Structure formats: structure tokens, C-alpha cells
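As C-alpha cells, the structure follows; a few thoughts come after it.
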Amino acid sequence: MSTIISVKGLTKYYGNLLAVDHVTFNVFEGEIFGFLGPNGAGKTTTIKMLTGLTYPSDGTAIIGGYDLLKEIRLIKGIVGVVPEYSNLYSELSVEENLKFMAHLYHVRGERLNQRVDQLLKLFRLQDYRNISFGKLSRGLKRRVTLAAALVHNPKILFLDEPTTGLDVISARNLRRLLEDLRGQGITIFLTTHYIEEAEQLCDRVAIIVKGRLVALDTVESLRKVVGDAQILEVMFKSRVDKAKLTEYFNGEIVSFHGDRVRIICKDFGEMVEKMLKFSKTFNFEISSINTVKPTLEDAFVKLTGIESSWMLLEKGVK
Ligand code: ADP
Numbered sequence: 106m107s108t109i110i111s112v113k114g115l116t117k118y119y120g121n122l123l124a125v126d127h128v129t130f131n132v133f134e135g136e137i138f139g140f141l142g143p144n145g146a147g148k149t150t151t152i153k154m155l156t157g158l159t160y161p162s163d164g165t166a167i168i169g170g171y172d173l174l175k176e177i178r179l180i181k182g183i184v185g186v187v188p189e190y191s192n193l194y195s196e197l198s199v200e201e202n203l204k205f206m207a208h209l210y211h212v213r214g215e216r217l218n219q220r221v222d223q224l225l226k227l228f229r230l231q232d233y234r235n236i237s238f239g240k241l242s243r244g245l246k247r248r249v250t251l252a253a254a255l256v257h258n259p260k261i262l263f264l265d266e267p268t269t270g271l272d273v274i275s276a277r278n279l280r281r282l283l284e285d286l287r288g289q290g291i292t293i294f295l296t297t298h299y300i301e302e303a304e305q306l307c308d309r310v311a312i313i314v315k316g317r318l319v320a321l322d323t324v325e326s327l328r329k330v331v332g333d334a335q336i337l338e339v340m341f342k343s344r345v346d347k348a349k350l351t352e353y354f355n356g357e358i359v360s361f362h363g364d365r366v367r368i369i370c371k372d373f374g375e376m377v378e379k380m381l382k383f384s385k386t387f388n389f390e391i392s393s394i395n396t397v398k399p400t401l402e403d404a405f406v407k408l409t410g411i412e413s414s415w416m417l418l419e420k421g422v423k
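Residue numbers (the working numbering): 106 to 423.
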């Protein structure tokens with residue numbers, strides 16, 4: 106595996122706020138690399154530094170062989186960027202937007218027309234080519250923004266929270282498109298606060314919390330940090346009281362989704378008994394108890410010490 110992005114000690118201060126704290130990592134050519142973390146962790150700032158939208162306070166990166174601090178123009182020629190909020194023009198049509206972006210990237214003449222037609226086809230946007238960008242649904246807007254980021258055939262694609270705000274179907278379609286792009290050899294660097302998205306899509310995941318990298322590995326290896334402990338998943342018939350639950354289990358709860366609770370257990374029998382007692386004491390009826398394999402979410406909680414990742418999944422992608 107060859108390295109296409111090598112980041113060394115990358116750091117960003119906004120005034121006194123240390124938004125990104127000396128992060129060091131490599132991205133391999135052809136992989137989907139996920140930057141996973143809660144809101145405010147420093148994900149967008151990292152993408153902005155790597156794509157030349159903001160200067161690092163310290164550290165550097167080599168991207169596609171070019172030095173971030175000295176050769177940003179060359180880097181811009183080989184990377185595509187899909188920002189969280191689209192950079193396209195509402196009043197221009199889909200086709201006009203793509204042509205405009207192509208111009209910006211010095212794609213001209215017959216090559217421009219060919220590339221735009223190819224992208225409209227690839228992203229199934231032919232029926233919308235003459236529609237104003239502003240009139241499209243969120244899902245279509247995201248698709249056009251992705252197409253626009255590819256006008257100059259970049260080797261690397263950066264995406265900031267690609268599925269945030271999308272409905273389930275659009276999010277799924279977009280993830281499929283990203284997998285297709287990986288199939289074509291494009292390296293993809295994406296940020297997300299959806300653990301399930303990172304788990305489903307990414308070859309490797311870096312977990313970032315408060316500007317610091319706390320883990321980086323394949324999803325499979327990250328799951329192993331939970332060790333050989335089992336995860337007990339209990340479904341209640343109604344929403345349980347989170348405060349009571351946390352108190353009763355001494356903060357051991359791995360995740361809480363209202364009526365679904367997961368907890369790491371060393372001794373299965375003992376934990377089941379304790380759950381039953383909790384259910385009786387507080388009158389929360391249980392509908393099922395199962396053991397499940399550790400997920401990336403369980404690993405995330407263990408690694409970050411963030412008590413419950415339910416917030417990350419609240420608006421999550423199923
Ligand atoms: P994420 O993308 O993980 O949600 P960000 O990179 O957007 O996180 O933000 C990291 C931290 O930097 C947050 O505390 C945020 O409030 C702060 N921040 C981001 N952009 C700016 C800015 N332009 N000026 C000052 N603070 C900023």
C-alpha cells in the first residue's frame with residue numbers, strides 16, 4: 106500500500122483555541138479513510154488545512170507528493186473537495202455549474218463537454234441538467250456537488266460530512282457512489298460524526314476528539330479494543346430513564362438509544378440478573394436480551410471515554 110497523504114504534526118489554533126492538536130497520520134492510495142469524531146472535534150478544520158482553505162499553525166503534509174506549505178496550487182490540481190455546504194451557484198443550472206467548475210480547473214474545449222456529459226451520466230443527472238441548482242432536493246444537490254468536485258479527474262477526494270442532512274435513501278445512494286469511486290482508484294478522505302457510516306464505508310478510521318487523534322486503524326482492528334468481552338443488548342418495551350440506568354450500572358453503559366441499551370459484560374449471567382433487577386426495581390419492562398458482537402460504536406466509547414455515543418447516532422444513518 107502506498108501512502109498518498111502524509112500528515113505530520115498538523116495543528117490549528119483559532120486565537121487561543123487549539124482546534125487541531127498535532128495530528129500525524131497517513132492515508133493510503135485507493136482507500137476510503139474516515140475521520141470520525143463528535144461535532145467540534147476539528148474535522149472540518151483538518152480538511153480545510155489539507156485543501157488550502159486555511160493555513161496550519163504548525164505541522165505540514167505531503168499530498169500526492171506535493172508539499173502542503175509550498176505547493177498548494179499543484180495539490181489543488183489533484184484533489185477534489187466536497188464541502189459540507191455546497192459551493193455551487195443556486196441560480197445556475199446543473200450543467201452550467203459543472204461547466205463553471207471545469208473552467209476554474211482549466212478543463213476547456215471538447216474535453217470540458219465530454220467530462221461534463223460523462224459526469225451527468227455517471228451521477229444520473231441528465232434529467233436535471235437544465236434545472237437551477239437551487240431548485241434541487243438536498244440529495245440531488247449533494248450529488249451535483251460531488252460531480253462538480255470531480256470535473257478535473259482528481260486523484261483524491263475530500264468530503265466533509267457527506268451524508269449529513271440527507272434522507273436515508275439519498276445517504277445510501279451517496280455512499281454507494283463513493284464506493285464506486287474507490288473502485289475507480291480514487292482515494293477518499295471523509296469526515297463524519299456517524300459511527301455507523303464510518304463502520305460501513307471506511308477501510309480505515311481515525312477517531313478525533315478535541316483536536317487529538319485517539320485511534321487509527323481498520324474498523325475490524327478497532328472493534329478488537331473491546332477485547333473478548335461480550336456486549337449485552339437489552340430492548341425495553343418503552344424508553345428507560347437514562348439517569349437511573351447510568352446510576353444503577355455505575356456508568357458502565359456503552360450506549361443508550363431510549364429503549365435500546367448496550368453494556369459491556371464480563372460475566373453474562375451476572376449482568377442478566379442485574380438487568381432483570383433493574384427492570385423490576387424501576388418498572389421498565391424488558392422485551393429482549395441478546396449478546397451481540399462489539400461494533401465500532403462500542404470501541405469508540407471505550408477509546409474516547411465519551412460516556413455514550415447516542416448523540417452521534419441520534420440523527421444516524423441506518
Ligand atoms: P468539526 O468539523 O469536527 O465539527 P471544526 O473543525 O469545525 O470541528 O471545529 C473545531 C473547533 O474549532 C470548534 O471548537 C470550533 O468552534 C472551532 N472553530 C472552527 N472554525 C473556527 C473559526 N473560523 N474561528 C474560530 N473557531 C473556529
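Even for Gly, the Cβ is constructed at its ideal location relative to N, Cα and C.
The model shown is predicted, which means the values in this text are computed figures rather than measured ones.
Tell me the rounded alpha-carbon separation between residue i and residue j.
i: His127; j: Ile368; result: 33 Å
i: Ser413; j: Ser360; result: Only weak support is given to the placement of Ser413: the predicted model assigns it a pLDDT of 47, under 50, and the question is left unresolved by the model.
i: Gly170; j: Ala124; result: 26 Å
i: Lys117; j: Val249; result: 31 Å
i: Asn129; j: Leu115; result: Per the sequence shown, residue 129 should be read as Thr rather than Asn. Roughly 7 Å between the two C-alpha positions.
i: Ile300; j: Ser275; result: 18 Å
i: Asn121; j: Thr386; result: 49 Å
i: Gly244; j: Asn218; result: 24 Å
i: Met416; j: Gly214; result: The predicted model places Met416 with a pLDDT of 42, which falls under 50 and marks its position as unreliable, so this point remains unresolved.
i: Val324; j: Val397; result: 16 Å
i: Leu401; j: Asn235; result: 42 Å
i: Val199; j: Asp172; result: 34 Å
i: Met106; j: Asp322; result: 14 Å
i: Asn202; j: Glu189; result: 17 Å
i: Ile167; j: Tyr233; result: 38 Å
i: Asp403; j: Arg328; result: 7 Å
i: Glu196; j: Arg220; result: 22 Å
i: Ile358; j: Glu304; result: 21 Å
i: Ile394; j: Gly288; result: 39 Å
Report the option in the options whose CA atom is closest to the CA atom of residue i.
i: Ile96; options: Thr116, Glu136, Thr129; result: Here the chain comprises residues numbered 106 to 423, so residue 96 is not present and cannot be evaluated.
i: Val377; options: Thr129, Lys117, Val339; result: Val339
i: Lys181; options: Leu408, Lys260, Val345; result: Lys260
i: Arg309; options: Lys113, Val132, Asp364, Leu262; result: Val132
i: Leu141; options: Phe387, Arg247, Arg317, Val199; result: Arg317
i: Leu193; options: Leu321, Leu241, Lys175, Leu327; result: Leu241
i: Thr151; options: Lys349, Tyr119, Lys175, Asp403; result: Tyr119
i: Gly139; options: Val273, Arg280, Leu381; result: Arg280
i: Phe383; options: Leu225, Thr297, Lys349; result: Lys349
i: Ala334; options: Ala253, Pro399, Phe228, Asp272; result: Pro399
i: Ala254; options: Thr156, Gly410, Ile358; result: Thr156
i: Asn355; options: Gly374, Lys379, Phe389, Leu158; result: Lys379
i: Glu302; options: Ala146, Asn278, Gly288; result: Asn278
i: Thr108; options: Phe294, Glu266, Leu283; result: Phe294
i: Leu209; options: Phe389, Gly288, Phe405, Arg178; result: Arg178
i: Pro267; options: His362, Lys153, His298, Pro161; result: His298
I think residue i touches residue j, with their Cβ atoms under 8 Å apart; what is that distance to the nearest whole Å?
i: Lys407; j: Val331; result: 6 Å
i: Val212; j: Val184; result: At roughly 15 Å, the Cβ-Cβ gap does not stay under 8 Å, so Val212 and Val184 are not in contact.
i: Phe263; j: Val366; result: So it is not a contact: roughly 36 Å between Cβ atoms.
i: Asp364; j: Phe341; result: 5 Å
i: Thr296; j: Lys148; result: 4 Å
i: Thr159; j: Lys113; result: That pair is no contact at about 17 Å.
i: Thr409; j: Ile312; result: 6 Å
For residue i, is the beta carbon positioned less than 8 Å from some heavy atom of the ligand NAP?
i: Ala146; result: The model depicted lacks the ligand NAP and carries the ligand ADP instead.
Starting from residue i, follow its DSSP beta bridges and name the residues at the other end.
i: Leu115; result: Val128
i: Tyr171; result: Ile168
i: Thr108; result: Phe133
i: Val339; result: Val366, Ile394
i: Ser195; result: Per DSSP, none; premise fails for Ser195.
i: Val186; result: Phe263
i: Phe354; result: DSSP, once it has assigned bridges, lists no residue as partnering Phe354.
i: Asp163; result: Thr116
Legend entry - Segments of 4+ residues assigned as alpha helix (DSSP H) that fall wholly inside the segment 254-303: 273-288
Legend entry - beta strand (DSSP E) runs wholly inside the segment 202-263, at least 3 long, in chain order: The qualifying runs do not exist here; there are none.
Inset, instruction - Output the residue ranges of the alpha helix (DSSP H) runs that lie fully inside the segment 367-407 and measure 4 residues or longer, sorted by chain position. - result: 373-387
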